[in-house]
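Numbering (the working numbering), first residue to last: 44 to 813. One structure is given below, encoded as structure tokens.
Given below as structure tokens:
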């Protein structure tokens, strides 16, 4: 089964062919839902409270109105009762006129026992009979009765007041007392309660938003962290964790981020296809193998065995790991994967993929040129550390291969097999043994990429007839046109490809982009000019010198210094020493690094003068230069930096220790007489920084301890992992422990040191024992 089919077996099921994936439903976020829910609850509670208060106030107010009506009715009875008994109708009329002047009285009617109206505030009704049920009923009742009614559209308390002497009924008074004042009062109370309720609702909504934000803050933080991890950035800086369930969730997520970071690092050493096959549960399918048309690239280091014999084991491993890091990145940038590492050799495979702009053969050529360019940066770093530089051989071939899982059930290796692979390996071997380094290919391969690449014959190699060396890319206009149409994510890669054309037109384009392009593209253009510096282009050197002197952007100027350093020409010493007075710290640091591999008078004095600089990288490079000059003040200088109360100088000390640890013979001398006391102090100060508050400072201290510490430092880092919350520091601690296991393996086994050790017994000196 072809590899593309194997991947589809274990992959996630997508939408059916011809059917578009359903659009996601637009829903409220959790915070909005929680805010709305809390707000609705607050609104409901406040509205119910307002209604209940108004209801009880209404009942109380109407009861007061009834009591007032009862009291007024009795007053009316007292005032008119005697006139009714005596039949003094003239007195009744006078009393009614006086009574009607009260604003609260809507009407007043005096009836005889038969219901005839004897007197009324409405004279037209006099002489009529009131025959409604309420009147007839109340004429037969002895007590005062009050009801609510409507009179001419106004609410009233309708009171029926019988006038009796003994058991004899002499008449009845009906009085309507207005309820409008009571209802006006109720309306005022209701409006006031509603206004107050609205204020409470507004405050409640604000509180609900604040409460929901506080409740969901950990979830929001986790969402942002998840997006950050999804982008491949595992350097999460956590805040102080709570002790509740959210705090436990955050702690769990941070540990997960560390594990994902470790797995992501493993992808550098394991083919993504193999990773996918194993993770997807399709190992059995992959073991059956598949055939693919691919391009294969081999890279190896010339005379590496001799290098390994001349250097300390830790220097060999560190140099090889730095070399592979550089080469793997070059392969990945061109869309390739690393199939395997074989000692000092690397094998890259370039598979056909739907999303790739270029065919596998062309991408393999791009990667080869990228690796040649990256080797220049690597060798400059090696020279700055006082270590030997590497020369490599490169072989590229393309054709059919068999791809699958090979191995036992306990261990599988995703690999590529076939004559295409064997020929690429032989081409790399020819390149390593040739007089001049280069990318070796066959004539058949060159024919496949002739539209983009220029090559020249190299004679016949070891079993490889018609051998050619790739020189440069061609067709500049094509790359420039692609660059104009490319999205920003692809533009950086295309700018690097332009540099491999190696023509004056390509150089001028890069210089123009460095001056006028967007910041990201300008940085990439300056890095791409490094190809021309390695080719000894005087025009490129002159441009970078001008940019460093006249440019305004610190990042671009510092990048230009780094590219100019690739020339490693003694004639540039004066210029680099001039740049040491630049106000920008990173520019000074890069200029000082450029001087590390160069010889010039007063070199030691120059480095000593800069050992007290404020920028931590300047200090580190100055101490590195003094170490390479065998200056005895390096260890005391490190101790002084780390013992300082100034956080900036402490950071400089930790950074300098980590930098020096990678240099020539530093670890071999660390902890030996007569520097044992300063070395012990250095370790104790680093341990103090590891326990500090600043995550960036802790990470540098952890890195330094991992490179120079002994078994006590190993135990301390193991304990740190149990309590550390910063994924960045955790990841650095994991890397430090891995390095220490390799470096201190026999001593760790002898003492039982480290996390989970049975009986850790620290040695008499806690220092490195290389």
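Don't be surprised by glycine CBs; every beta carbon is placed ideally from N, CA and C.
Residue i versus residue j: straight-line alpha-carbon distance, rounded
i	j	result
residue 410	residue 376	7 Å
residue 406	residue 291	46 Å
residue 515	residue 477	19 Å
residue 372	residue 346	23 Å
residue 582	residue 446	47 Å
residue 658	residue 265	34 Å
residue 271	residue 725	35 Å
residue 140	residue 114	19 Å
residue 207	residue 173	19 Å
residue 341	residue 441	12 Å
residue 382	residue 535	25 Å
residue 501	residue 487	14 Å
residue 493	residue 771	46 Å
residue 601	residue 389	32 Å
residue 83	residue 243	12 Å
residue 262	residue 269	10 Å
residue 97	residue 107	15 Å
residue 391	residue 425	24 Å
Three-state class that DSSP yields for residue i in the structure shown
i	result
residue 197	strand
residue 156	coil
residue 624	coil
residue 732	helix
residue 815	No statement about residue 815 is possible, as the shown extent of the chain runs from 44 to 813 and does not include it.
residue 481	coil
residue 191	strand
residue 499	strand
residue 544	coil
residue 147	coil
residue 241	helix
residue 297	helix
residue 40	The shown model of the chain, from 44 to 813, leaves out residue 40, and the question about it has no answer.
residue 409	helix
residue 404	helix
residue 267	helix
Status (buried if at least 16 other CB within 10 Å, exposed otherwise) for residue i
i	result
residue 491	buried
residue 27	Outside the modelled stretch of the chain, which goes from 44 to 813, sits residue 27, for which no answer is possible.
residue 183	exposed
residue 474	buried
residue 785	exposed
residue 295	exposed
residue 145	exposed
residue 621	exposed
residue 576	buried
residue 210	exposed
The ligand ZN heavy atom lying under 8 Å from the CB of residue i
i	result
residue 641	The ligand ZN is not part of this structure, which contains no ligands at all.
Close beta carbons around residue i, own chain, < 6 Å, minus the five adjacent residues each side
i	result
residue 747	697, 700, 701 and 729
residue 247	85
residue 574	416 and 542
residue 554	586
residue 637	608 and 619
residue 350	431
residue 117	none
residue 311	With a pLDDT of 48 at residue 311, under the threshold of 50, the predicted position of this residue should be treated as unreliable, and no value is reported.
Own chain, CB closer than 8 Å to residue i, minus 5 neighbours either side, in chain order
i	result
residue 417	369, 370, 372 and 373
residue 498	484, 489, 511, 512, 513 and 514
residue 749	756, 760, 775, 776, 778, 779, 780, 782 and 783
residue 628	656, 657, 658, 660 and 661
residue 465	none
residue 558	565 and 590
residue 88	none
residue 690	737 and 740
residue 721	678, 679, 681 and 682
Same chain, Cβ closer than 7 Å to residue i, neighbours up to 5 away in sequence not counted
i	result
residue 641	611, 613 and 616
residue 361	705
residue 93	236, 237 and 240
residue 462	none
residue 428	705, 706 and 707
residue 506	For residue 506, the pLDDT reaches just 48, beneath the cut-off of 50, and the residue's location in the model is therefore unreliable, leaving the point undetermined.
>> Across the segment 606 to 613 and the segment 629 to 639, are there enough close Cβ pairs to call them in contact, namely three or more that are closer than 8 Å?
In response: yes
>> Whether or not the segment 218 to 230 and the segment 247 to 263 are in contact is what I'm after, with contact meaning three or more pairs of Cβ atoms, one per stretch, closer than 8 Å; do they touch?
In response: no
> Do three or more CB pairs link the segment 534 to 547 to the segment 431 to 441 at distances below 8 Å?
Replying inline: no
> When the Cβ atoms of the segment 153 to 173 are set against those of the segment 183 to 194, are three or more pairs found closer than 8 Å?
Replying inline: Cβ pair count under 8 Å is below three, so no.
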